[in-house]
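In what follows, a structure is listed as structure tokens, so that the remarks can point back to it.
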Amino acid sequence: MLDHVTDLTPITALGAASPRTESFGALTISENAGLGLASLALRKGQSAPQPFGLPLPCVGKAVSMGAYAAFWTGRDQWMIEATGKAEVDFAAMLKSEAPECSVTEQTDGFTAFEIASSQGAAPIEALMRKLVNIDPKAFGPGQATRTGLEHMTVFLIRRADDRLAVIGMRTLAGSLWHALAVAARRLED
Amino acid sequence: MTRLTGGLIDRNAPLNFTFNGKTYKGFQGDTLASALLANGVQLMGRSFKYHRPRGVFAAGSEEPNAMVELRTGARQEPNTRATVTELFDGLIARSQNHVGPLERDFLAVNDLLSPFFAAGFYYKTFMWPKAFWEKLYEPMIRKAAGLGSLSMLPDPDDYDKGFLHCDLLVVGGGAAGLAAALTAGRAGAEVVLADEDFALGGRLTMESDLLDEAAATDWIASAKAELESLPNVRLMTRTTVFGVYDHGIYGAVERVSDHLAVPGDKVRQTLWRITAKRAVLAAGATERHMPFADNDRPGVMLAGAMRAYANRWAASPVKQDSDAIAIFTNGDDGHRTAMDLIAKGANVLGVIDARDAAPRFGDYEVFAGSTVTGTKGRLGLTSIEITRNGQSQWHNVGALGVAGGWNPNVHLASHHRGRPVWDDSLLAFVPGPNGPAGLIPAGAAAGKGGTEEALSDGMRAAITALSEIGVTASEIALPKAENMPSEQVAFWHVPGTKRATKKRAWVDFQNDVTVKDIALAHKENMTPVEHLKRWTTLGMATDQGKTSNISALAVMAELTGKSIPETGTTIFRPPYTGVSLGVLGGGDTGPLFRPRRLTPTHAWAEAQGAEFVEVGPWMRAQYFPRAGEATWRETVDREVLAVRSGVGLCDVTTLGKVDVQGADAGEFLNRMYSNMMGTLKVGMVRYGLMLREDGHAYDDGTCARMAEDHYVVTTTTANAGLVYRQMEFAHQCLWPELDVQLISTTDAWAQIAVAGPKSRELLTRIVDEFDLSNEAFPFMACSELTICNGLRARLFRISFSGELAYEIAVPARYGHALMQRLMEQGADLNATPYGTEALAVLRIEKGHAAGAELNGQTTAQMLGLGKMVSAKKDSIGAVMSRREGLAAEKRRLVGFKSVEPQKQAMAGSHLFTEGAVQDMSTDQGWLTSSCYSPHLKGYIALGFLENGDTRMGEIIVAANPVEGQTVKLEVVSAHFVDPEGGRLRA
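Chains A and B, in that order, are what the protein sequence lines are.
Numbering (my numbering) for the first sequence: 115 to 303.
Numbering (my numbering) for the second sequence: 149 to 1134.
Rendered as structure tokens:
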């Protein structure tokens, strides 16, 4: 039983009925409330599986295939992403793909903010320079890392030259949005 | 007006500004100092100690004298250097450190009392009577000290921060810096060029030298245009690199909008953290002066600054065009100033050159082998005394330029305790070989101050720097330039002011330190430079002695008979120039000052009118007031009684949750917790106590076994991060052999405590076909289940309140809806939301330990949990918990009831036997938690009392000496409610 029909109505990490989107010049920040997340960790002596056909990436990398993606989070650990699977038991889906591994539901552990630029890489890189101590030139598409942002811990995934995902703790969603929005707004000048 | 021709000011862009309330005109491109000079204003402030009239002395960030207060209201900023303040329309500036008008400062009386204010005066003068120091002397000195004043209003501006990464950071955009940036930029390296000035070019903008036989500004413009066109180069003007930090990190402040009247939508300043693989220090050089008698009058300034004002800002240093200007020099450089002034049509008296064989480079008088031995002019220079071979003559002049040689700006190169080294041919300290790794000095900062040599040295430095990181850079075509004559002699100050004469020669203008003060320091054996600095205050304050340190060393060297390098040198700490605390703090203020964690039911609680409390980064509902409740206590009492009689709901998401999986999960938890976790049955929860390595209690929580190889561990709210980190450390470093996987799930699940005798009834209404009977789901059971038609959830039958209670967890996005649903379904059961205050009362009534009891100083035995430290296995802290010192600890957690029920003993009060003297030797323990118990209708408390477990019924005293309070307490069991635990198991 992966899907369920509950009569409870969820709210987004930012506390609203629907996800927030706001544009600041070339940058648009969108709350990706539909992103399912589950962590996958290898048990002792296991070799990495290929859940949903994903070749699990090495240190500092992210991969994606269709609706599924994965990024490295630690030794023998990954976070698996599934577009549109936030309200189903995605951890159970992943567990059935990798039954021997340790799988933990993480969907609501985090909030994902997707940042898209309408003018190529430059606005994304300018935003990064205001927020994180990561060299944008060394953080191209396919790179992922965990870093500090305004005293919060976040995952960054460079999904493309012109797209960056910032995945932070769900309970800090409001503060994270504020930090991103203020930095993006200041770049509008 | 004393505006000259030419200059790099835009005469089509006039600007109005005020200084001490009077309106003046300047132009775009002016600094406040240049505009004041061009308006004939020489007097700009008063000195720190003696309140002597002072004028501008330099033309850059080294300025010691021309300190002003800028702006008004909340934006008023004291101690701002007029020399680096970009003029804008409407600028308001005031002089500072005077009582009454600037021209008639009442505190100038200090100057008459100067014999009492000699070096070290406050170490000696205020020694007696001792009692006067705190009450009289110190407040008096504090009132008189300081230069400008604060607005005492909150800073209205926004500040920002950012991070840059580059192959090469070029500090300084003068000849060497531009050459370095062009060289590296063309090689394709990632380059950041930062300059504190608002214009690029450094000294090139202030000299009359030609580059490629054209004005230097042409080459600067083309270099700037090329650098701007290169995508790999970032040009940052108005940006001061103020410090070198570890691992190639440089701190820089960009003054984004200080040149505007108000920042508008912009931030005021940005703090940049620049990570550079290599850096070129092209920070130029600072000119030094030569102290002589009465050398501090307005109108006396550095000759290089005078040249800069004439060439770049078309400003003459005199009050009226007809006033003569003299130059006092020990080398060729002073003559350049005379030549440039003459070219601008100024009235030059001549050059007073300390050298007998002084050269002449043009049509002006040379006073060879001469020195300046005195000056006159109350608020500005009117005449100087020129002395040659003992023969003196007074000359009328309106300004005097002093050229004592140039000191390379070695500051950043000495930030990692890199010692500058003396270069006898340059008569200056240059950066030494042990400066910050990866920082390569170039140009004037490296002692190569000629234009031609600065350009080529900048290029060389860039090529060297890049070759070290594997980037090949080629030589570039540099503009044709000359090195101007720069012969000089070692002449440091004009003799005759060291001894007890009335003549004073200032070395450090900002701190009013004279040659005589240095002589006094020498006499009192304060000869090491570190002592000299602290005894005389030389080199302190906002300019950090940029124009005075080397001159002071030279005077001390002469007094000690040693060479300058033998005498020593001062090295420099960050920041290079003053950095505002606002930009260091950066970012947000007020409620946005730090990130806030909101629980899944935050919005719901807000809608109920909850009051919130900060718990670390969390905002938790503290209590939920209702109409008609006059005090918070009334609300909390109602919430507590609702839990005890019906059912209460509390968001407990903040408790840390760690998912522990793996074949060795049980063994891992056995080692983390003092009690057995490996034997726990699947579907059950166990209370756990975690010890620190030293044997003290660390944290408590619960372990729920969801499957053979899967536990969900909860921690206290406060220790969630610490416990997770401790577990990761143990997993990765202590027992990497165990098959364990850990991940935090604190945020993933909304967890709501459903507590009270009617909790089962309420939960029955939302679960999907799940048997909640005591038999099927007993106390300390746990299970996965579905609720509300198919939503996955976790249910734990655990209790903090002592009542029949559960905690139910759902994916966080459903927490809000679940709380609403529970309230709807529980309306007839009087379902009541409760906050952290009621939570605390409930647990004190039940005698459960929390943060106040687990404060890092308590042990399992003290908590009455000694038996939980299993002897059948090892765990972190177990061995240390048995050491003699801890095992002998006799204080035990017990309960207390106020003998007078309505009298509260405050937590933190210390416990004493009734009638005993109250001091450390008779101390019997302390109260940890205290509250009003609506259940018992009186005040109760928890605390640690010596042998408390054997003293039931005894009356003791809780003393709170801070508030002069003593309260009589009866020692009772910590379990005020249901000591047998029947309610929990109902």
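Ideal placement from N, C-alpha and C gives every residue a C-beta, glycine not left out.
query: Between the C-alpha atoms of methionine 215 of chain B and alanine 1000 of chain B, what's the straight-line distance to the nearest angstrom?
result: C-alpha separation (whole angstroms): 52 angstroms.
message: Mapping the DSSP letters down to three states, classify arginine 252 of chain B as helix, strand or coil.
response: Helix.
message: Just to confirm, is the Cβ distance from proline 633 of chain B to glycine 595 of chain B under 8 angstroms?
response: Cβ distance not < 8 angstroms, so proline 633 of chain B and glycine 595 of chain B don't count as in contact.
task: Would you verify that the beta carbon of lysine 175 of chain A is, or is not, closer than 8 angstroms to some beta carbon of chain B?
output: Not one chain B Cβ lies under 8 angstroms of lysine 175 of chain A.
C-alpha gap between glutamine 233 of chain A and aspartate 276 of chain A, whole angstroms: Near 7 angstroms, if we compare the C-alpha coordinates of aspartate 276 of chain A and glutamine 233 of chain A.
query: Can you tell me the Cα-Cα spacing of glutamate 376 of chain B and leucine 383 of chain B, whole angstroms?
result: Cα to Cα, the separation comes out at about 7 angstroms.
query: Rounded to a whole number of angstroms, what is the C-alpha to C-alpha distance between isoleucine 238 of chain A and histidine 641 of chain B?
result: Taking the straight line from one Cα to the other gives about 57 angstroms.
field: valine 1115 of chain B classed as buried or exposed, judged by whether at least 16 other C-beta atoms fall within 10 angstroms
entry: Per the 10 Å Cβ criterion, buried.
query: What in chain A is Cβ-close to glycine 310 of chain B, meaning under 7 angstroms?
result: Taking a Cβ-Cβ cut-off of 7 angstroms, the neighbours of glycine 310 of chain B in chain A comprise Arg243, Lys244, given in sequence order.
Chain B residues whose Cβ lies nearer than 7 angstroms to that of serine 216 of chain A: Going along chain B in sequence order, the residues near serine 216 of chain A (Cβ under 7 angstroms) are Gln809, Gly810, Gln889.
query: Name the residues in the region 124 to 146 of chain A whose C-beta lies less than 8 angstroms from a C-beta of chain B; which are they?
result: Taking 8 angstroms as the Cβ-Cβ cut-off against chain B, the residues of the region 124 to 146 of chain A that qualify are Pro124, Ile125, Thr126, Ala127, Gly129.
- request: Could you pull out every unbroken beta strand (DSSP E) segment of at least 3 residues lying fully inside the region 228 to 280 of chain B, listed in chain order?
  value: Fully enclosed beta strand (DSSP E) runs of 3 or longer: 239 to 243.
- prompt: Are there 16 or more other CB atoms within 10 angstroms of the CB of glutamine 541 of chain B, so buried, or fewer, so exposed?
  reply: Counting Cβ neighbours within 10 Å, glutamine 541 of chain B comes out exposed, since fewer than 16 surround it.
message: Within 10 Å of its beta-carbon, does isoleucine 1103 of chain B have 16 or more other beta-carbons around it, so buried, or fewer, so exposed?
response: Isoleucine 1103 of chain B should be labelled exposed.
message: Checking the sheet assignment: what are the DSSP bridge partners for leucine 419 of chain B?
response: According to DSSP, leucine 419 of chain B bridges with B/Lys309, B/Val401.
- prompt: Can you tell me whether glutamate 885 of chain B is buried or exposed, with buried defined as 16 or more other CB within 10 angstroms of its CB?
  reply: The residue is exposed, with fewer than 16 neighbouring Cβ atoms inside 10 Å.
query: Between leucine 116 of chain A and the rest of its own chain, which residues show a CB-CB distance below 6 angstroms, the 5 nearest in sequence each way excluded?
result: Below a pLDDT of 50, predicted positions are generally treated as unreliable, and leucine 116 of chain A, at 41, falls in that range; the measurement from the model is reported next regardless. Val202, Asp203, Ala206, Met207, listed in sequence order.
- request: Specify the secondary structure class of threonine 1098 of chain B as computed by DSSP and reduced to three states.
  value: Helix at threonine 1098 of chain B.
- prompt: Okay, do the region 916 to 931 of chain B and the region 819 to 838 of chain B touch, 3+ Cβ pairs below 8 angstroms being the bar?
  reply: Segment contact: the region 916 to 931 of chain B against the region 819 to 838 of chain B, three or more CB-CB distances shorter than 8 angstroms; contact assigned.
- prompt: Where does valine 1135 of chain B land, buried or exposed, given buried means 16+ other C-beta within 10 angstroms?
  reply: The structure shown does not extend to residue 1135 of chain B, since chain B spans only 149 to 1134, so no value can be given for it.
- prompt: Going along the chain, which unbroken runs of the beta strand (DSSP E) with 3 or more residues stay wholly within the region 683 to 715 of chain B?
  reply: Runs of the beta strand (DSSP E) inside the region 683 to 715 of chain B: none found.
- prompt: Got a sec: is the Cβ-Cβ distance from lysine 251 of chain A to anything in chain B below 8 angstroms?
  reply: Residue contact check for lysine 251 of chain A against chain B: a CB pair falls below 8 angstroms.
field: Chain-ordered neighbours of asparagine 168 of chain B on chain A, where CB pairs are closer than 7 angstroms
entry: For the C-beta of asparagine 168 of chain B, not a single chain A residue is nearer than 7 angstroms; the gap to the nearest is close to 34 angstroms.
query: Residues in its own chain within less than 7 angstroms of proline 581 of chain B by CB, not counting five upstream and five downstream?
result: No residues qualify anywhere along the chain.
Given cysteine 881 of chain B as reference, the closest of B/Leu920, B/Lys829, B/Leu1002, B/Phe816 once Cα atoms are compared: Relative to cysteine 881 of chain B, the option among B/Leu920, B/Lys829, B/Leu1002, B/Phe816 whose CA is nearest is B/Phe816.
message: Among the candidates B/Thr749, B/Val888, B/Glu856, B/Ile992, whose CA atom is the shortest distance from the CA of alanine 130 of chain A?
response: With distances taken between Cα atoms, alanine 130 of chain A lies closest to B/Thr749.
task: Verify whether the separation of the beta carbon atoms of valine 871 of chain B and valine 808 of chain B is less than 8 angstroms.
output: Cβ distance not < 8 angstroms, so valine 871 of chain B and valine 808 of chain B don't count as in contact.
message: Measuring alpha carbon to alpha carbon, tell me which residue in B/Ala988, B/Phe944, B/Ile422 is nearest aspartate 249 of chain A.
response: When each option's Cα is compared against that of aspartate 249 of chain A, the closest is B/Ile422.
message: Quick check on aspartate 201 of chain B: does DSSP put it in helix, strand or coil?
response: A small correction: the amino acid at residue 201 of chain B is proline; aspartate does not occupy that position in the sequence shown. Correct three-state label for proline 201 of chain B: strand.
message: If contacts are defined as beta-carbon pairs under 8 angstroms, then asparagine 478 of chain B and phenylalanine 639 of chain B qualify, I think. What distance do you get, rounded to the angstrom?
response: Contact flag correct, Cβ pair sits at about 4 angstroms.
- prompt: Taking only beta-carbon atoms, is glycine 735 of chain B less than 8 angstroms away from chain A?
  reply: Chain A places a beta carbon closer than 8 angstroms to that of glycine 735 of chain B, counting this residue as a contact.
query: From glutamate 210 of chain B to arginine 202 of chain B, what distance separates their C-alpha atoms?
result: The straight-line gap from Cα to Cα measures roughly 15 angstroms.
- prompt: Can you tell me where the alpha helix (DSSP H) with arginine 455 of chain B in it begins and where it stops?
  reply: Note, arginine 455 of chain B: alpha helix (DSSP H), 451 to 459.
- request: Can you tell me which of A/Thr123, A/Ser216, A/His265 puts its alpha carbon nearest to the alpha carbon of leucine 856 of chain B?
  value: The sequence shown places glutamate at residue 856 of chain B, not leucine. Nearest C-alpha to glutamate 856 of chain B: A/Ser216.
query: Is the shortest distance between the beta-carbon of leucine 156 of chain B and the beta-carbons of chain A less than 8 angstroms?
result: Output row for leucine 156 of chain B: interface = no.
CB contact below 8 angstroms: lysine 158 of chain A versus chain B: Chain B places a beta carbon closer than 8 angstroms to that of lysine 158 of chain A, counting this residue as a contact.
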